[in-house]
Structures are given as C-alpha cells and as structure tokens.
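Top to bottom, those sequences are chains A and B. Under numbering that gives the first Met the number 0, think of the first position of the first sequence as 0, with each following residue one higher. Under numbering that gives the first Met the number 0, think of the first position of the second sequence as 0, with each following residue one higher. The C-beta atom is built at its ideal place from N, Cα and C for all residues, glycine as well. Data block below; observations after.
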Amino acid sequence: MLKQSLKMAWESIRSNKMRSFLTMLGIIIGVFALVVLVSIVNGATSSITDSINSLGSNSITVTVVDDKENPLDLEDLRALAEDETIQAVSPTAQSSVTGKSAYNSESVTVYGVTPEYENIGQLEMAQGRFLKTPDIDNHSSSVIVSMDVVNDILSFSSASKAIGAEIMLNGKAYQIVGVLAEEEEDSGSIFGSSSYEAYIPYTSLIRLVDNISHVTSFAVSSAIEDLDTTGDAVSKQLLKRFDNDEDAFTILNISSIADVMDSVMGTMSLLLGGIAAISLLVGGIGIMNIMLVSVTERTKEIGIRKAIGAGRSVIMQQFLIEALMLSLLGSAIGVVMSWAALKIISLISGDISAYNLSGGVVVIAVGFSIGIGLLFGLYPANNAAKKKPIDALRYNG
Amino acid sequence: MIVFQDVSRVYVMGDTQLRALDHANMHIKEGEFVAIVGPSGSGKSTLMNIVGCLDVADEGTYFLDGLEIEKYSEDELAKIRNKKIGFIFQNFNLIAKMTAWDNVELPLIYQKIAPKERKERVAEALERVSLLERKNHKPTELSGGQQQRVAIARAIATKPSLFLADEPTGNLDSRTGEDIIRLFHELHDAGNTIVLITHDDEVAKQASRRIHIRDGRVREVD
C-alpha cells in the first residue's frame with residue numbers, strides 16, 4: 000500500500016514537472032536561505048572567536064585615562080604584579096615610527112613592552128629570543144620584529160637571516176634579536192593583510208618617541224581561570240591609586256568581549272534563521288495551494304478509488320505522501336544548492352575551513368520542511384479523504 | 000443475497016423533496032442474472048448507488064449477504080464494496096494514469112492481498128477478458144470495449160459476491176456491446192450473481208429476470 004502511494008505520488012509529481020518545480024521552489028529557497036545564512040554566521044563567529052582568542056584569552060588590558068598628575072611607572076606595575084590573582088604585568092605603549100633599511104622603508108607599529116609580554120600577548124617566536132630583563136634595565140637597542148618586516152623592509156626570505164641585522168627606527172639603529180612566528184591565516188584575513196610590528200624595551204621606547212613618558216596602558220595576565228576576579232583585583236588597586244575615581248581608567252577583558260561577540264552572533268543567526276523560516280512557511284502555503292488544486296483535479300480518481308474500496312485513511316495517506324515528497328525533494332535540492340554555494344563562498348573568501356555546511360542547521364531545515372509538508376498537506380489530504388464516493392464519481396472536471 | 004425492505008431515498012433541494020426511491024421492495028437470489036430496467040429519472044441510479052453501497056437509504060432496510068448496510072460507517076462500507084461488489088460503470092471509470100494491470104491490481108492492494116497471489120489473480124482476470132497482452136497499456140491507449148473489459152477484469156479479480164453493472168454497454172457500439180454481454184453470460188454460467196442496470200430493453204432481455212422501476216417504485220414484471 001505504501002509502495003503504491005509512493006509510486007503514485009512520484010508519478011503525479013513527474014507528470015506535472017513545471018508545476019511541481021515551482022511548488023518546490025518555495026521550499027528550495029527557504030532551505031537554501033536558512034542553511035546558507037546560518038552557516039555563514041556560524042563560520043564568521045568561529046573565525047572571529049578564534050581571532051579574539053589569539054589576542055590572548057587570559058589577558059586584561061588596562062588604559063589609564065586620567066593620571067591625576069600622578070602617572071604610573073614600571074615600579075607601580077611591578078607592585079601590581081604582587082597580587083596573587085595576577086600572573087604578570089607589562090606596559091603596552093604603542094607608537095608608529097618609520098622602519099628603514101638599506102632596501103626599503105615602511106611605517107612600523109612599535110610596542111614598548113617588558114619581557115612578561117611574551118606570555119601575556121601569547122607571542123610565538125620563529126627565531127631568536129624575546130626581550131630579557133637586562134634589555135629593560137639598559138634601555139637596550141634590541142628589537143623583535145614580525146615576519147612581514149623581515150620580508151618587506153629587510154628583504155630577507157627567512158627569519159634566521161634577519162637575526163643580528165640592523166633596522167633603523169625613526170633614524171635610530173636597532174639590532175634584531177628575534178623574529179615572531181607568522182600569525183595563522185584566518186585571523187589575518189579579518190584584521191588586514193600585512194602587519195609591520197616591532198617590539199622594543201619599554202624603556203627604549205620612551206627615549207625613541209616624544210609623546211610617551213609614562214605608562215598609560217598595560218596588559219595583565221591572570222593567574223586564575225576567572226578573568227573577572229583578576230579584573231576586580233586590578234580595579235581595586237587602581238582605585239586606591241587614583242582617589243577612588245572610576246573614570247580614571249578602563250579595564251578591557253578579552254573574554255568578556257568574546258562573550259558579547261558570541262551573544263551578538265547568536266542573536267544574528269536566530270534573526271536570519273527566523274527570516275528564512277518565514278520563507279519556508281510561505282513555501283509550505285505554496286504546497287498547500289497546489290495540493291488543493293491536485294485534489295480537485297483528481298476528484299474523479301478519488302471517487303473511483305473509494306468505489307473499489309479505498310477507505311479515508313488510504314486516500315489521506317496518498318495525498319500526504321505527495322505533499323511530503325514535494326517538501327522533501329525541495330529541501331534536498333535546497334541542501335545541495337547550499338552546499339555548493341558555501342563551497343563557492345569559501346573559495347572566494349580564500350578561507351576553506353570557515354564556511355562549512357553545518358549539520359545541525361541541515362537537520363533543522365529538513366525537519367522543518369517535513370513538518371511543513373505534513374502541516375500543509377493535511378488540509379488538502381483531508382479534503383480528498385472526506386469526499387463522498389458518489390459525488391466524486393459524478394464529478395466531470 | 001439482496002433484500003430491499005421498504006427502502007426510500009429522499010433528496011432535499013431547497014424546500015422541495017424528491018423521492019428518488021419510494022418504499023422499494025425487491026429480492027435477488029444468489030446466482031441470479033437480473034436486469035433493473037427503467038427510463039431515465041426513474042430512480043435507477045439511486046437504486047444502483049444503494050445496491051452498490053455507495054449511498055445509504057434514508058428509510059427501510061437493505062441486506063447484502065445478510066449484512067444490514069445502514070449500520071455501517073463510511074470506512075466499513077468501503078471495505079464491503081471492496082470485498083463484495085464488482086462495479087462495472089457506463090464510462091468504465093478506470094484511473095487514466097495507471098496501466099490496465101495496475102488498474103486491475105488496485106482493489107487487491109486495498110484488500111491487502113500478498114504480492115504473489117495478487118499477481119496470479121490479476122493475470123488470471125486479464126486472461127479471462129483476453130487482455131493479458133495489453134496489460135501495460137493505459138486506458139487512453141485502449142478502445143472503449145477493451146477499457147470495459149479491463150473494468151470487468153478489475154471486478155473479476157476481487158472475486159465479488161455481486162457484479163453490479165450500470166449501463167455497461169451504454170458507451171459502446173452494438174457489436175462490442177454484445178461481446179460485453181457475452182462476458183456477463185459467461186460469468187453468470189460460472190455461478191456469479193449479476194445485476195445489470197439499463198434503460199435498453201434489448202440488453203435487459205439478456206437477463207434471466209427483469210425488475211422494472213418507475214417513479215421510484217419497483218414493479219416486478221415477468
């Protein structure tokens with residue numbers, strides 16, 4: 000009986016190809032929109048989350064806004080690091096200087112830090128070493144540069160060749176003691192392509208540029224899991240230092256940014272998913288419309304079937320299966336199209352891993368389509384099932 | 000086999016009542032070949048619908064094989080039609096999209112007969128009406144006479160208690176009509192009960208007994 004119904008449904012869909020396709024189009028577009036949009040949002044979320052995490056997920060950034068004529072210095076930071084929730088503290092002064100070699104010259108972002116920053120910023124060395132305490136004490140002219148600086152300014156193809164070479168920062172010669180490992184592809188694609196970065200001792204930076212004389216921003220790494228507790232500890236100490244003025248400084252917690260990001264993206268995917276779901280609903284109404292036409296067209300057939308012994312449930316089943324088949328076919332085509340679209344998007348964005356067909360969304364989309372097929376097939380199928388055999392037999396359409 | 004006791008069927012149209020059947024009484028025994036004859040508008044079709052369990056009487060009682068038909072629900076009536084009645088209609092009423100084979104097989108599927116037996120019975124029925132070699136043809140690819148034979152095969156396959164034919168030759172030329180009537184004779188000779196509804200006296204003469212109906216009233220002549 001089921002086999003018969005499946006065969007009949009398939010015949011009916013096949014014999015009205017254009018009509019069936021147009022009916023399915025609503026479902027196809029709905030599933031396509033749902034799967035592609037949600038997958039893109041998911042892909043973007045994981046890519047952004049990765050980038051944020053690569054900035055150091057256990058670090059807190061503090062910016063001093065108003066130093067009350069009583070600026071922080073390195074001693075203050077060392078005192079701060081005494082707190083048991085705090086692992087390390089490093090100033091993060093930042094300036095833009097001209098990096099120059101015999102070969103080329105580019106604008107370089109210079110960070111003035113202490114040795115602790117290697118850990119706090121989760122920097123990875125490709126070659127050489129990071130700053131050491133004597134560099135700070137002696138205002139040394141050591142510099143650690145990014146791979147882009149090695150490639151573009153010094154014109155060396157490998158990191159090892161750069162060790163020991165000199166680079167001019169704002170006209171002052173610095174010796175390269177270390178080269179940073181290149182960042183992973185995906186975080187680079189979001190925050191711009193090449194990055195010219197150089198890390199020098201904080202004490203050297205004060206001498207190199209005029210506008211930095213005190214610690215106005217620093218990074219703290221936490222000794223414990225809960226960043227908020229560490230943040231509170233930092234806040235408490237700074238409040239003491241700055242006459243209980245909460246507006247004197249701002250504390251930026253990376254993990255709380257990630258949380259906010261997550262919830263924004265979650266809302267976004269819900270919103271887009273909702274819109275796509277509405278288009279699926281519209282597709283379902285299209286199915287109902289066509290099924291009603293189909294029932295009317297086949298009134299005579301229903302009459303014959305009832306006369307030779309088909310009960311209500313048999314007729315009902317036949318039309319429900321047809322509606323289900325339409326919605327399932329539609330969602331299958333929609334899923335295949337989404338898969339292809341996501342592949343193309345990944346190819347264009349040059350980021351193969353990010354925009355995957357997310358299995359959960361496919362299950363939701365197909366499940367939703369089945370639900371819609373059933374829901375909107377029910378009314379026409381019931382219409383068919385309750386036709387009286389004599390009326391249906393007499394029908395001439 | 001078929002017993003009508005004071006059966007009435009009243010159609011209400013607005014405020015006029017139409018008594019299509021008026022206290023009809025009749026008796027058809029098993030193995031009989033009966034023609035129900037009457038002009039159009041006499042209540043023939045109503046009688047046929049009630050005998051075929053497609054419609055139910057408003058008053059009176061109809062027994063089919065001892066079953067009191069008024070007591071059954073719509074779905075139960077579908078089962079009774081499926082098992083006990085082989086319909087042969089004036090306009091054949093085959094499903095256009097299905098082949099001859101599939102049309103004959105359909106009521107057996109509703110009877111939930113196993114595929115193997117189903118196959119045998121369909122082949123047997125089509126052989127009986129000499130159309131086995133046309134089993135894969137659709138109704139539109141068959142002549143009127145052939146379509147009617149497929150319809151008869153569909154009835155034969157279910158092994159019904161009653162063959163109920165409504166103007167079976169009405170849409171056929173006289174020679175093809177004779178072929179169909181010959182088939183009914185063969186079925187009758189094999190012991191089947193046949194009720195033939197017609198307005199054509201020539202066709203009615205073929206039956207062993209005639210029941211006349213006029214203005215909703217049944218009169219048994221001869």
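Against residue i, what residues of chain B qualify as contacts under a CB-to-CB distance less than 9 Å, listed in chain order?
i         : result
Arg311(A) : Glu73, Asp74, Ala77
Taking residue i as the query, report the chain A residues whose CB atoms sit under 7 Å from its CB, ordered along the chain.
i         : result
Pro106(B) : Ile307, Gly308
Phe86(B)  : Ala306, Ile307
Could you give the residue range of the beta strand (DSSP E) that holds residue i?
i         : result
Ser58(A)  : 58-63
Asn170(B) : Looking at the DSSP string, Asn170(B) is not in any beta strand (DSSP E), and its letter there is neither H nor E.
Pro200(A) : 196-200
Asn252(A) : 248-252
Gly98(A)  : 92-99
Met336(A) : Taken as a continuous stretch (DSSP letters only), Met336(A) belongs to no beta strand (DSSP E), being part of the alpha helix (DSSP H) at 311-348.
Gly111(A) : 104-112
Leu63(B)  : 58-63
Leu163(B) : 161-165
Val50(B)  : No beta strand (DSSP E) holds Val50(B); the alpha helix (DSSP H) holding it covers 43-50.
Phe217(A) : 216-221
Arg208(B) : 208-213
Gly144(B) : No beta strand (DSSP E) holds Gly144(B); the alpha helix (DSSP H) holding it covers 143-156.
Could one say the Cβ of residue i lies closer than 8 Å to chain A's Cβ atoms, at least one of them?
i         : result
Asp214(B) : no
Arg8(B)   : no
Ile155(B) : no
Asn24(B)  : no
Please confirm whether residue i and residue j have their CB atoms less than 8 Å apart.
i         : j         : result
Thr192(B) : Glu166(B) : no
Val281(A) : Gly98(A)  : no
Asp57(B)  : Val9(B)   : yes
Gly329(A) : Ile143(A) : no
Ile59(A)  : Tyr354(A) : no
Leu356(A) : Leu341(A) : yes
Ile179(B) : Gln147(B) : yes
Ala391(A) : Ile301(A) : yes
Ile175(A) : Ile152(A) : no
Asp309(B) : Ser160(B) : Since the displayed chain B opens at 0 and closes at 221, residue 309(B) lies outside it and no answer follows.
Val214(A) : Leu79(A)  : no
Val194(B) : Val11(B)  : no
Leu5(A)   : Ile320(A) : yes
Val263(A) : Val88(A)  : no
Ile51(A)  : Ile223(A) : no
Leu73(A)  : Val109(A) : no
Gly111(A) : Tyr173(A) : no
Leu323(A) : Gly273(A) : no
Glu123(A) : Ala161(A) : no
Ile135(A) : Ser221(A) : no
So with Cβ pairs under 8 Å, would you call residue i a contact of chain B?
i         : result
Glu10(A)  : yes
Pro388(A) : yes
Gln3(A)   : yes
Met0(A)   : yes
Asp185(A) : Its pLDDT being 42, under 50, Asp185(A) is placed unreliably by the model, and nothing is read from it.
Thr295(A) : no
What residue range is occupied by the uninterrupted alpha helix (DSSP H) comprising residue i?
i        : result
Glu73(B) : 73-83
Ala19(B) : Ala19(B) -> not in any alpha helix (DSSP H); beta strand (DSSP E) instead, spanning 15-27.
Below 8 Å on C-beta distance, what does residue i contact in chain A?
i         : result
Lys115(B) : The premise fails here: Lys115(B) is roughly 15 Å from chain A at the closest Cβ pair, so nothing lies under 8 Å.
Under 9 Å Cβ-Cβ, which residues of chain A neighbour residue i?
i        : result
Arg80(B) : Lys305, Ala306, Ile307, Gly308, Pro388
Asn92(B) : Lys299, Gly302, Ile303, Ala306, Ile307, Leu392
Given that residue i touches chain B, what residues does it touch there, using C-beta distances under 8 Å?
i        : result
Ser14(A) : Lys96
Anything in chain B within Cβ reach of residue i, meaning under 7 Å, just list it in chain order.
i         : result
Leu291(A) : Within 7 Å Cβ-Cβ: nothing; Leu291(A) doesn't reach chain B, min ~19 Å.
Check whether the segment 108-119 of chain A and the segment 148-157 of chain A are in contact - that is, three or more C-beta pairs closer than 8 Å. No, the segment 108-119 of chain A does not touch the segment 148-157 of chain A.
According to a CB-to-CB cut-off of less than 8 Å, which residues of the segment 48-61 of chain B neighbour chain D? Protein chains in the displayed structure are A and B, and chain D is not among them.
Across the segment 29-36 of chain A and the segment 261-280 of chain A, are there enough close Cβ pairs to call them in contact, namely three or more that are closer than 8 Å? In the pairwise beta carbon analysis, the segment 29-36 of chain A is classified as touching the segment 261-280 of chain A: at least three pairs are separated by under 8 Å.
Is there contact here, the segment 19-37 of chain B with the segment 197-216 of chain B, by at least three beta-carbon pairs under 8 Å? Yes, the segment 19-37 of chain B is in contact with the segment 197-216 of chain B.
Okay, do the segment 81-101 of chain B and the segment 133-146 of chain B touch, 3+ Cβ pairs below 8 Å being the bar? Contact between the segment 81-101 of chain B and the segment 133-146 of chain B is present, because at least three Cβ pairs lie under 8 Å.
Contact between the segment 71-91 of chain B and the segment 33-45 of chain B (3+ Cβ pairs under 8 Å): These segments do not touch.
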